[in-house]
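Have a look at the structure below before the remarks.
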Amino acid sequence: MNKISLITGAGFAGSTIARGLADAGHMVHLIDKRPHIAGNAYDEVDANGVLIHRYGPHIFHTNSDKVCQFLSRFTEWRSYEHRVLGVVAGRHYPFPINRDTLNQLYGLDLDETGASAFFESVREPRHPICTSEDVVLNSVGRDLYEKFFLHYTRKQWGLDPSQLKAGVAARIPVRTNTDDRYFTDTFQAMPLHGYTKMFERMLDHPNINVQLGIDFSELTDLGRYDHIVYTGPIDAYFKHCYGPLPYRSLRFEHQHLADVQQFQQAGTVNYPNDHAYTRITEFKHLTGQEHTGTSIVREYPEAEGDPYYPIPSDTNEALFKRYCELAEKESKVTFVGRLAEYRYYNMDQVIGAALASAQKILDSLSTIRRT
Ligand code: FAD
Ligand code: UDP
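This note's numbering applies: residue 435 is where the sequence shown begins, and numbers increase by one.
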């Protein structure tokens, strides 16, 4: 017999599971407190007709065929390889650091072997590698650390790299070749008509009932659901009983520039050392849209506000583990997603986790008998 599930959060985690359960014949009540679907990947056409990402730039990249096949049911794609420049002392350099970065920054003419030897001569070997400071000093040494990483990280997280786990800075590779792509995944593309359109198609199923503008805490009849999926912040679910889990927030400053064909050379330009914002993204690079003007967004990191990033530190992970122990006792509830799992997930990792969760939920629903 068909079962009914409540899913809180219409981002990648919630929507992927919603579709998985609906395809298997179950009913889904999907809620989100925001007035739109797609979570932080939400995109929309701004007042000037440019497709923008309301919550900052979202670039899709994955090595997972499974994730790619799942999303490809709901969208066609536009090939796009993201490139980023980092501004140091007013000049733009390829970022992540590669051989061209070294040659341009230091006036050198290194080949690949020369670039390896350069890194070897400047790196500060660290063992064990525990923090983000360890990661960067160990690979590129102090000068590049201070020019590209230290101040960006302080701005982004309000913490020193030595206070953040290694995984944060380890997201950024260091290259001896001249590859200037931000990602090297086998599949790199943007949904041809945008993320929101892709979500609309994912959720367009007779078994899925979407209700927007409603908070989980407003629901009073949880007993009627066979299963509950929760993709919001895990500490909020438990009413912050052990104290709040820290999340980093951002303020997005969107701007349209009329009659400016192109504002900057690359999709994103990072400002490690100047300004209160970390980076500027120009959306037309990402979407390929043609328009007489252009729209950009500046990201200002903030301590308060909507939770966008879990903050990977030992202290925070210890607190998260305490909430996990409570979560394990909620046998009817699945916690999944970037906020519920307190993991610095990319979109494809969330979808991968959600596909696996959907399968587990289907297995458990098949054992429930309705009274
Ligand atoms: P979310 O998208 O946050 O969705 C959770 C939803 O739950 C939200 O819509 C929220 O409103 C809702 N919710 C929460 N609590 C409640 C409640 N109590 N009641 C009702 N609804 C609730 N990933 C990439 O792969 N590439 C990128 O380029 C990239 N860029 C990013 C840039 C920024 C600035 C940020 C912040 C993230 C970026 N990401 C990127 C990561 C990506 O946004 C996430 O991995 C993904 O969106 C997480 O999906 P989710 O469903 O777990 O969470
Ligand atoms: N980072 C940095 N300088 C940069 C870009 C990134 O120091 O120019 C560090 C910073 O700590 C950042 C982390 O690397 O938070 C991960 O960067 P990424 O671009 O992956 O962050 P996201 O896109 O998730 O905000």
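Idealized CB from N, CA, C, for every residue including glycine.
In this structure, does DSSP put Arg756 in helix, strand or coil? helix
Just to check, is the beta-carbon of Asn780 closer than 8 Å to a non-hydrogen atom of the ligand FAD? yes
When DSSP labels each residue in this structure, what does Pro595 get in the three-state scheme? Helix at Pro595.
Leu440: buried (16+ other C-beta within 10 angstroms of its C-beta) or exposed? buried
Specify the secondary structure class of Leu464 as computed by DSSP and reduced to three states. Leu464 falls in the strand class under three-state DSSP.
DSSP state of Ser550, grouped into three classes? helix
Proximity winner among Val484, Ala447, Tyr476, relative to Ala692 (alpha-carbon distances): Nearest to Ala692 by alpha-carbon distance, out of Val484, Ala447, Tyr476, is Val484.
Through-space distance from Gln538 to Asp748, alpha-carbon basis: 37 Å
CA nearest to the CA of Gln695, picked from Phe617, Pro706, Phe717: Phe717
Less than 8 Å separating the Cβ of Gln597 from some heavy atom of the ligand UDP? For the ligand UDP, not one heavy atom lies less than 8 Å from the Cβ of Gln597.
What runs of the alpha helix (DSSP H), each 4 residues or longer, lie entirely inside the region 519-547? 533-540
Using a Cβ-Cβ cut-off of 7 Å (strictly less than) and excluding sequence neighbours within five positions of Phe508, which residues of its own chain qualify? A distance below 7 Å between beta-carbons, with the five flanking residues on each side excluded, links Phe508 to the following residues of its chain, in chain order: Met632, Arg635, Met636.
DSSP beta-bridge partners of Ile441: Ile441 is bridged to Leu464, Val663.
Just checking Ala792 against the ligand UDP - is the residue's beta carbon closer than 8 Å to any of the ligand's heavy atoms? no
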